[in-house]
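One line per chain: the protein sequences are Z and P, in this order.
Sequential numbering of the first sequence, starting at 1, is according to this note's numbering.
Sequential numbering of the second sequence, starting at 1, is according to this note's numbering.
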Amino acid sequence: SAVISQKPSRDICQRGTSLTIQCQVDSQVTMMFWYRQQPGQSLTLIATANQGSEATYESGFVIDKFPISRPNLTFSTLTVSNMSPEDSSIYLCSVEDGLRQFFGPGTRLTVL
Amino acid sequence: GEDVEQSLFLSVREGDSSVINCTYTDSSSTYLYWYKQEPGAGLQLLTYIFSNMDMKQDQRLTVLLNKKDKHLSLRIADTQTGDSAIYFCAESFSTGTASKLTFGTGTRLQVTL
């Protein structure tokens with residue numbers, strides 16, 4: 001199974017600022033995904049990131065708020081822009097490996 | 001849209017069996033998954049089942065799928081305190097270029113001594 005790491009593991013940020021979350025995979029993968037898990041909630045897909053093309057965003061999520069980069073087959077970043085307290089969540093990246101999706105450990109973001 | 005429902009909480013005694021249930025509404029899903037999330041951690045893939053299968057067993061885990069009723073269950077035999085976590089079921093849909101997961105609401109399993 002793919003091994004996924006995320007940086008930072010957690011952060012506390014001021015409203016109005018931006019945070020970039022990094023996701024690194026130990027093998028080359030075609031598709032990477034970014035999810036949000038709000039406190040006490042389930043996971044919601046933000047976007048799908050394919051290397052070499054623009055990310056595909058789900059309903060309710062826009063590129064200006066959550067810009068994503070996918071420069072190569074092992075790395076992706078998600079930026080949470082102009083943050084507000086409502087953005088306080090765990091952000092998880094995942095990769096598709098055949099029939100399975102594996103998840104990173106998550107980035108716990110608190111916005112004050 | 002797709003809805004995946006789970007009961008919120010389950011409490012079992014150590015050594016007993018746990019059964020976590022999940023219902024879904026979209027019959028076009030290809031695979032169904034169970035994930036485990038321990039406090040402060042990411043999601044760990046426990047097992048998955050193809051939508052044309054009825055049952056899958058993997059050590060202490062048994063997955064049952066009733067496609068007619070759109071009902072999925074995860075049975076954990078001989079439940080241990082280390083099994084205390086939140087369990088999410090998820091269904092997978094192929095978009096042609098990727099498989100998207102829709103997650104259930106999660107069931108918090110508490111194992112008591």
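By construction, the Cβ of each residue, glycine as well, lies at the ideal position given by its N, Cα and C atoms.
Problem - Contacts around P:His71, its chain only, beta-carbon distance under 6 angstroms, and the 5 residues preceding and following it disregarded - result: Thr23
Practice task
Could you tell me whether the Cβ of Z:Ser42 comes closer than 8 angstroms to any Cβ of chain P?
Solution key: yes
Practice task
Check distances from the C-beta atoms of the stretch 70–93 of chain P to those of chain B and list, in chain order, the residues that come in under 7 angstroms.
Solution key: Going by chain labels, chain B is absent from the structure shown, which instead holds the protein chains Z and P.
Problem - Residue burial classification, Z:Ile4 (beta-carbon count within 10 angstroms, cutoff 16) - result: buried
Problem - C-alpha gap between P:Thr62 and P:Ile76, whole angstroms - result: 7 angstroms
Handout entry: Nonlocal neighbours in the same chain, by C-beta distance under 6 angstroms from P:Asp58, ignoring five residues either side
Key = Thr47
Exercise for the section: Give every residue of the same chain whose Cβ lies closer than 6 angstroms to the Cβ of P:Ile49, excluding the five residues on either side of it in the sequence, and list them in chain order. Expected result: Leu32, Lys56, Val63, Leu65
Problem - C-beta neighbour in chain P for Z:Ile12, strict 8 angstroms - result: no
Exercise for the section: Please check if any C-beta of chain P sits within less than 8 angstroms of the C-beta of Z:Gln101. Expected result: yes
Problem - CA-to-CA distance, Z:Thr17 to P:Val12, given in whole angstroms - result: 44 angstroms
Practice task
For P:Gly1, count neighbouring C-beta atoms within 10 Å of its own C-beta (all shown protein chains included) and say buried if the count is 16 or more, exposed if not.
Solution key: No answer about P:Gly1 holds up, because its pLDDT of 45 lies below 50 and its placement is not dependable.
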